[in-house]
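Here the structure comes first, spelled out in structure tokens, and everything after it is commentary.
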Amino acid sequence: MNRRAVYGPRDGTVLSQQTQHRSDDILDGDLDDVLKARRADGAFWSHFQQHNLPVRVQQILNEIGFYGVYRCGRLVYDCHLITALVERWRSETHTFHFRVGEATITLQDVQIIWALPIDGEPVTGLDLDRTTIEWQDYCLTYLGFRPDATAFKGSRLQTHAIISHIAQVEITYDTPHEIVVQYARAVALLLLGGVMCPDSSGNLIPLLYLTKLEDIVEARNYSWGSAVLAFLYRELCNATNKGKAAIGGALQLLQNVCIWVKSKQIIIVCSQQHHMGATWNCEHTFTRTVRTTVRVIRDILDEMQSDQFIWQPYDLDSDVIMAYAADFNPQLWRSSCPLIFYAIVEMHHPERVLRQFGMRQNIPEAIDTRDMSLHQISRKNRTGTDWNLQHIQYISRWQKI
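Numbering-wise (full-length UniProt numbering), the sequence shown opens with residue 1 and increments by one.
Next comes the structure, spelled out in structure tokens:
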């Protein structure tokens, strides 16, 4: 069988980057490499398996909108499944291309799986240039401790320094409010840099993220959901390139894509915890296979029929989800708009996956190929850049939604 003739794009007008895509090697039978999952949350979850998150800190995380992420807990990643999904991701459309049609992770998924706020100001601003001493003073003010200079690498702070600090802090009902807030900022920073947006730096978290947590009340007014989705889209797009060995970002959201698939070889088990952000924390098991391999999952996805794909996996009328309905913005779920996270701007294309919203799918309009150039913009060597100015046209588009 000529795999290229059957599975390759028949028309390169839309999927114009095929020669750089990792699937190009797969079509020639040359690639079984499995992507490594980047994550920086191991020590975080180890700590909170042994220590309960203080109730007063839980309340603050809930106010920010991060508590759903914490409630989901640590998920074991299946790198074979993740790799098979990346093989079907296209940076041109920001969708997975299955035989049954296109699908993608939308703002709806982010809000329902993790209960993150999606309606608000974009997470962006000035990329600060500070000395190590200045960052130490900054951490003392907003995290409640002064990390050793060796814990810094530029504007990034080692996660173990933060965890070592919170391990020494006891939060009670009598603890001063400012100390509780500092503790909550530390936990939120660990979630943001270690779970929601882990990158290639290992166990280092950009302190730039902490600037959006200075005012705990104001922090709720940011669109954290769109920021996390922008970061994940960028990681997916980068991972599709030939030669890439790892992928970061919110891989828990990516792995939960498996709830779309009905297969006799994949069994989905969803927890029934009473929190919207934890309801869809799914695990999967494989049957009838000796072991999980990327080839097995590749075949499952390739042979999938239309009646095996669940376009609308969420019961929006359930009591758990209805309890959070006041925070929903269905108009934003279906908005074609830029997703912004500092240097990153990625386009949200729900118009290509209308069946995920219970609508009839028409032939989508052509993608603006100029958006592809956004993939070349990053924070690397851009200290001092004001991303508000750099991306003002996209920020304006977001604010008009």
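Where a beta carbon is used, it is the ideal one built from N, C-alpha and C, also for glycine.
Residue environment, P122, which counts as buried when at least 16 other CB atoms sit within 10 Å
Here residue 122 refers to the residue found at position 122 when the sequence shown is read from its first residue. P122 should be labelled buried.
Could you pull out every unbroken alpha helix (DSSP H) segment of at least 4 residues lying fully inside the region 178-232, listed in chain order?
216-219
Proximity winner among Y173, M372, A343 and K400, relative to D386 (alpha-carbon distances)
Here residue 386 refers to the residue found at position 386 of the sequence shown. Minimum Cα distance to D386 is reached at A343.
Compute the Euclidean distance between the alpha carbons of S318 and L389, then round it to the nearest angstrom.
The residue labelled residue 318 in the question sits at position 318 within the sequence shown. The residue labelled residue 389 in the question sits at position 389 within the sequence shown. Straight-line Cα distance between these residues: approximately 42 angstroms.
Cβ-based neighbour list, D127, same chain, cut-off 8 angstroms, excluding 5 preceding and 5 following:
Your numbering for residue 127 matches position 127 in the sequence shown. Here the set comprises L208, Y342, A343, R379, R382, T383, G384, T385, D386 and W387.
Cβ neighbour criterion (16 or more within 10 Å) applied to H177
For the purposes of this step, residue 177 is taken as residue 177 along the sequence shown, with counting starting at 1. Exposed.
Would you check if the distance between the CB atom of C197 and the CB atom of G243 is smaller than 8 angstroms?
Your numbering for residue 197 matches position 197 in the sequence shown. Your numbering for residue 243 matches position 243 in the sequence shown. No. Outside cutoff.
Buried versus exposed call for Q136 [16 or more other C-beta atoms within 10 Å across all chains shown]
To locate residue 136, count along the sequence shown from 1; it is residue 136. With 16 or more Cβ atoms within 10 Å of its Cβ, Q136 is classed as buried.
Helix, strand or coil: how does DSSP classify L316 here?
Taking the first residue of the sequence shown as position 1, residue 316 is located at position 316. Here L316 sits in coil by DSSP.
Starting from F145, follow its DSSP beta bridges and name the residues at the other end.
The residue labelled residue 145 in the question sits at position 145 within the sequence shown. DSSP lists no partner for F145.
Which of the three DSSP states, helix, strand or coil, is assigned to A84?
Position 84 of the sequence shown holds residue 84. Helix at A84.
Sorted by chain position, which residues of the same chain lie with C-beta nearer than 8 angstroms to Y138's C-beta, five sequence neighbours on each side aside?
Start at 1 with the first residue of the sequence shown, and residue 138 comes out as number 138. Correct list, in chain order: R130, L207 and L210.
Beta-bridge partners of W398, as assigned by DSSP
By 1-based counting over the sequence shown, the position of residue 398 is 398. Answer is none; W398 lacks a bridge partner.
Taking the alpha-carbon positions, what's the R156 to L204 distance?
Against the sequence shown, residue 156 aligns to sequence position 156. Against the sequence shown, residue 204 aligns to sequence position 204. Straight-line Cα distance between these residues: approximately 6 angstroms.
Would DSSP call G65 helix, strand or coil?
Working through the sequence shown from its first residue, we reach residue 65 at position 65. Note: G65 maps to coil in three-state DSSP.
Rounded C-alpha distance that separates M261 from L85
For this step, residue 261 is matched to residue 261 along the sequence shown. For this step, residue 85 is matched to residue 85 along the sequence shown. The sequence given here has Val at residue 261, not Met. V261 and L85: Cα-Cα distance of roughly 12 angstroms.
Got a sec? Which residues, its chain only, sit under 7 angstroms from V195 by beta carbon, not counting five neighbours each side?
For this step, residue 195 is matched to residue 195 along the sequence shown. Closer than 7 angstroms at the Cβ level, and outside the excluded window around V195, lie D41 and V69.
How about T159 and A326: do their beta carbons lie closer than 8 angstroms?
Indexing the sequence shown from 1 puts residue 159 at position 159. Indexing the sequence shown from 1 puts residue 326 at position 326. Not in contact: T159 and A326 (Cβ atoms no closer than 8 angstroms).
Sorted by chain position, which residues of the same chain lie with C-beta nearer than 8 angstroms to Q305's C-beta, five sequence neighbours on each side aside?
Locating residue 305 in the sequence shown gives position 305, counting from the first residue. Closer than 8 angstroms at Cβ, skipping near neighbours: V100.
With respect to the beta strand (DSSP E) encompassing F44, which residues constitute its N-terminal and C-terminal limits?
As a first step, residue 44 must be located in the sequence shown, where it is residue number 44. Run containing F44: none in the beta strand (DSSP E); it sits in the alpha helix (DSSP H), G42 to Q50.
Does the distance from the CB of P338 to the CB of R352 come in under 8 angstroms?
The sequence position of residue 338 within the sequence shown is 338, counting from 1. The sequence position of residue 352 within the sequence shown is 352, counting from 1. No, they are not a contact pair.
State the Cα-Cα distance for the pair V257 and L332, rounded to the nearest angstrom.
As a first step, residue 257 is located in the sequence shown; it is residue number 257 there, counting from the start. As a first step, residue 332 is located in the sequence shown; it is residue number 332 there, counting from the start. Rounded to whole angstroms, V257 to L332 spans 20 angstroms at the Cα level.
Using CA coordinates, which residue listed in V55, H94 and I162 is at the minimum distance from Y67?
For the purposes of this step, residue 67 is taken as residue 67 along the sequence shown, with counting starting at 1. That would be V55, whose Cα lies nearest to the Cα of Y67.
D109 bridges to which residues according to DSSP?
Within the sequence shown, residue 109 is the residue found at index 109, counting from 1. None; D109 has no bridge partner.
Out of Q18, T104 and N238, state which residue places its alpha-carbon closest to the alpha-carbon of Q312.
Position 312 of the sequence shown, counted from the start, is the residue given in the question as residue 312. For Q312, the nearest C-alpha among the options comes from T104.
Can you look up V123 in the DSSP assignment and give me helix, strand or coil?
Position 123 of the sequence shown, counting from 1, holds the residue named residue 123. Looking at V123 - three-state DSSP - the assignment turns out to be strand.
Top-ranked residue by Cα proximity to S16, from Q399, K400, W398 and R370
One-based indexing of the sequence shown puts residue 16 at position 16. Nearest of Q399, K400, W398 and R370 to S16, Cα basis: R370.
Excluding the 5 residues preceding and the 5 following S23 in the sequence, name in chain order all residues of the same chain whose CB lies nearer than 7 angstroms to its CB.
The residue given as residue 23 occupies position 23 in the sequence shown. For S23, where only same-chain residues beyond five positions count, the Cβ hits under 7 angstroms are E87.
Quickly, what does DSSP pair M347 with across the bridge? List them, please.
On the sequence shown, residue 347 is found 347 positions in, with the first residue counted as 1. DSSP output for M347 lists P338 as bridge partner(s).
Assuming L116 contacts G65 under a Cβ cut-off of 8 angstroms, what Cβ separation, rounded to an integer in Å, is found between them?
Indexing the sequence shown from 1 puts residue 116 at position 116. Indexing the sequence shown from 1 puts residue 65 at position 65. Yes, L116 and G65 are in contact; Cβ-Cβ is about 6 angstroms, under 8 angstroms.
Kindly indicate the opening and closing residues of the beta strand (DSSP E) around R156.
Working through the sequence shown from its first residue, we reach residue 156 at position 156. Run containing R156: R156 to Q158, per the beta strand (DSSP E) assignment.
Pick from Y173, S200, D199 and A167 that is closest to V187, judged by C-alpha positions
Here residue 187 refers to the residue found at position 187 when the sequence shown is read from its first residue. Answer by Cα proximity: A167.
Report the option in L354, L81, R74 and N62 whose CA atom is closest to the CA atom of D302.
Walking along the sequence shown from the start, residue 302 turns up at place 302. Of L354, L81, R74 and N62, the residue nearest in Cα terms is L81.
Can you tell me which of S46, L189, I26 and A37 puts its alpha carbon nearest to the alpha carbon of Q255?
Mapped onto the sequence shown, residue 255 falls at position 255. Comparing Cα-Cα distances from Q255 to each of S46, L189, I26 and A37, the minimum goes to A37.
I need the DSSP call for V76, collapsed to helix, strand or coil.
Here the question's residue 76 lines up with position 76 in the sequence shown. Three-state result, V76: coil.
Sequence-distant residues of its chain with Cβ nearer than 7 angstroms to Y394 (five each side left out):
Your numbering for residue 394 matches position 394 in the sequence shown. Correct list, in chain order: P338, I340 and V345.
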